[in-house]
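In this note's numbering, the protein residues as written are 95 to 903.
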């Protein structure tokens, strides 16, 4: 311990004597370790602990998979049967998200997001109430008979002022009275990664608060997500086989039960926002690992240069009898101090940088909440990373520095060419930095090109100059008849505003986070093949929708205000549905049936994107809102100018019909659909930042190597100039050395990039993983940066005075 304390004191004195070196090394390490710690906190919140306050290690999301590969949610009757009959699941819960109107005593109604859940929801998640209780088994029975609610800690604090007497009080949700029975623990947000819910009520209250959306009695009404916690010793494959067997039993027992032959269990982080975030986070973890390698290579070069300056000191210590092992330990202690200082600086910034993930969340009317936290695991990760960094950047300099040529070092022949001949290690580190930086920049370039392609892609409609304004009528007590009247009145008021050129509505905004609906269709005159899936996507839109969205009609007409419930039932289909089911004939005038009603096709619209820009066109049809009512409506307001300037007028027009109706998601359609390329934007932004950071580190590295080489070769360069070499010759000599290092790094980096970028396929849009223009552009830019970094040492070499140099020698 005495010798360790001695080594620590000596190391600290060394750093105080060289403050510039110490600051540069600590900042470089802080950037490398800090980037890793930041992304680790993000990765932890997305994959390792995707649900705050929940042990999700053996918690799975349950869905059904049709023979055609479509995912299907659960029905309430099937959920009850699966929960009773399975042998591999410890707890099977169900839930569905929904928006509610929360009335205040003296304030306007507030739109809050919550869930309708089975009574065992909290028990399955392993969440206990912080105050009061959660739900009891009796609250799984009796449709509409349990008006109770559990609220979140945040809603209790923000809306009810942290009132300790909240349990037992009544609150008004969707014009109905509900008794608060419990408050969740702080931090608990719900069971969907990336979304924060404020309240939970029993699923049996569905007929009261979600009339027309789902059913408690129909097996074909699939409106619930399943959450399964596996029994100890059971794995996902066993549980899938068990649940699939139950599905087959139900098919035999109930002729009206849908046939879903396969159950699919997926980890919670692969659902919800995890589908988008997980690939980006895993990519970023690899990226920041590369940044750390580059930072370590940079520090190694600094230490190699520093050890060359300490050759005389080290040689004297060895000559006085200090063992090489003792010397290496001293050097490792110094390196460890650097790494711990860099790690400490990174940890000091982690609480701030870790929260940046939430600021990157896309705009949406959904309750998006991306949280991350710094805990013990983060500190342990930073500590381990500091130790790894010590080994990575300290091993080679320590070994090389502890083995100097004693005679040469004691003579202190610092002006010769020996250092230049032995610079292969420093050069190799610079080549590695250039290669790794190139890989990061190429990856960033591909993602940014994907982002550009996504923004320029044709989604089948024109998002420019369109304002989106959302309303939900059902929470405010509207039934279908009153809702249709209200929507018509609101549309008329908005249409009369100056600057408005077209107005319509859509239940769910295309390319948003709201998803889509689907249903099984029957097509007149079409005989489906064996096991053919007749699933079609369905959209509920207002009159003039296709004109408002600038979506061309291939044939027929679009919906008109006169398409009412008492008139002929009609639909508009997309190109894909028309081609698939009416090959060789016009679809207009033909009929399709969904449920009990046959509907006449009055128009065929061009295919449009609804779920993602990369989706394959699938059969879809559109219902007029005047015939198939949806209480959730998003007004689409096309304007002659900036849509943001119309926001206030549109809100006043809506609330001129109902002043108590909350208006949400007031933003441009362009901003709304930006969520469809969120992964490219997030990945491109982060990769671009880390790529620029890596290039800066590589430029500093090559500058340091060449500056040291110029200092080592000062005598040689002086002799060259004395013998007639011009300043231009010296400039070309040093720049040539930088060019050679850059060329070697670029060649190696291109080879690595060709293999690595293929792993990014799921994040690329409209661009190949080996896009030649991107690789060529990035390589030329990288070469320019390296030559610029090489110019300054070369310029210093040009100013060497041969007379002064030779007189000094």
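Where is the CB? At the ideal position from N, CA and C, for every residue including glycine.
{"Item": "Would you say the segment 695 to 702 touches the segment 663 to 681, given that touching needs at least three Cβ pairs under 8 angstroms?", "Value": "yes"}
{"Item": "Please list, in chain order, all residues of the same chain as residue 651 whose beta carbon is under 7 angstroms from its beta carbon, the five residues on each side excluded.", "Value": "696, 697"}
{"Item": "Tell whether a beta-carbon distance below 9 angstroms holds between residue 205 and residue 219.", "Value": "no"}
{"Item": "I think residue 843 touches residue 530, with their Cβ atoms under 8 angstroms apart; what is that distance to the nearest whole Å?", "Value": "7 angstroms"}
{"Item": "Identify, in the order they occur along the chain, each residue of the same chain with its Cβ nearer than 6 angstroms to the Cβ of residue 643, setting aside the five sequence neighbours on each side.", "Value": "555"}
{"Item": "Under the rule that 16 or more other beta-carbon atoms within 10 Å means buried, what is residue 600, buried or exposed?", "Value": "buried"}
{"Item": "Can you name the start and end residues of the beta strand (DSSP E) that residue 270 belongs to?", "Value": "270 to 277"}
{"Item": "In three-state DSSP terms, what is residue 886?", "Value": "helix"}
{"Item": "Nearest by alpha-carbon distance to residue 293: which of 376, 265, 712 is it?", "Value": "265"}
{"Item": "Nearest CA to the CA of residue 799: which residue from 862, 613, 518, 289?", "Value": "518"}
{"Item": "Can you tell which of 672, 825, 235, 216 has its C-alpha closest to the C-alpha of residue 711?", "Value": "672"}
{"Item": "Taking the alpha-carbon positions, what's the residue 508 to residue 832 distance?", "Value": "In this prediction, residue 508 scores a pLDDT of 47, lower than 50, which makes its location untrustworthy; the coordinate-derived value is nonetheless stated afterwards. Approximately 22 angstroms, taken between the alpha carbons."}
{"Item": "If you run the structure through DSSP and keep just helix, strand and coil, what is residue 709?", "Value": "coil"}
{"Item": "For residue 136, which of helix, strand or coil comes out of DSSP?", "Value": "helix"}
{"Item": "Mind the definition here: the segment 327 to 345 touches the segment 735 to 748 only if three or more C-beta pairs lie below 8 angstroms; say whether that holds.", "Value": "no"}
{"Item": "Once you ignore the five residues that flank residue 379 on each side, which residues in its own chain have a CB closer than 6 angstroms to its CB?", "Value": "133, 137"}
{"Item": "Answer with buried or exposed for residue 442, where buried requires no fewer than 16 other C-beta atoms within 10 angstroms of its C-beta.", "Value": "exposed"}
{"Item": "From the DSSP output, in three-state form, read off residue 821 for me.", "Value": "helix"}
{"Item": "Quick one: what does DSSP say residue 130 is sitting in, helix, strand or coil?", "Value": "helix"}
{"Item": "Starting from residue 693, follow the beta strand (DSSP E) in both directions and report where the run begins and ends.", "Value": "691 to 699"}
{"Item": "Rounded to a whole number of angstroms, what is the C-alpha to C-alpha distance between residue 156 and residue 313?", "Value": "16 angstroms"}
{"Item": "Quick one, which of 865, 780, 709, 754 has its alpha-carbon nearest residue 610's?", "Value": "709"}
{"Item": "Look at the Cβ atom of residue 388, then the Cβ atom of residue 283, and state whether they are nearer than 9 angstroms.", "Value": "no"}
{"Item": "Please determine if the segment 531 to 542 and the segment 750 to 769 are in contact, where contact requires at least 3 C-beta pairs separated by less than 8 angstroms.", "Value": "no"}
{"Item": "Compare the Cα-Cα distances from residue 602 to each of 431, 703, 578 and report the closest residue.", "Value": "703"}
{"Item": "Short check: CB of residue 208 to CB of residue 193, under 9 angstroms?", "Value": "yes"}
{"Item": "Using a threshold of 9 angstroms, state whether the C-beta atoms of residue 583 and residue 751 are closer than that.", "Value": "yes"}
{"Item": "How far does the beta strand (DSSP E) with residue 640 in it extend, from its first residue to its last?", "Value": "Looking at the DSSP string, residue 640 is not in any beta strand (DSSP E); the run it does join, the alpha helix (DSSP H), is 639 to 643."}
{"Item": "Counting Cβ pairs, one atom from each stretch, are 3 or more of them under 8 angstroms apart for the segment 453 to 471 and the segment 115 to 130?", "Value": "no"}
{"Item": "What would DSSP say about residue 652, mapped onto helix, strand or coil?", "Value": "coil"}
{"Item": "Check whether the segment 773 to 791 and the segment 719 to 731 touch, using three or more Cβ-Cβ pairs below 8 angstroms as the test.", "Value": "no"}
{"Item": "Quick check on DSSP: helix, strand or coil for residue 510?", "Value": "Summary for residue 510: the model assigns pLDDT 44, below 50, so the residue's position carries little reliability, and this model does not support an answer."}
{"Item": "Using C-beta distances below 6 angstroms, list every residue in its chain close to residue 838, excluding the 5 sequence neighbours before and after it, in chain order.", "Value": "525"}
{"Item": "Within the segment 417 to 464, note down every full alpha helix (DSSP H) run reaching 4 residues or more, in order along the chain.", "Value": "418 to 447, 450 to 453"}
{"Item": "Any contact between the segment 805 to 825 and the segment 559 to 568? By contact I mean 3 or more CB pairs, one from each, below 8 angstroms.", "Value": "no"}
{"Item": "If you measure from the beta carbon of residue 633 to each beta carbon in chain D, is any gap under 9 angstroms?", "Value": "As a matter of chain content, chain D is missing from the structure shown, which is built from one protein chain."}
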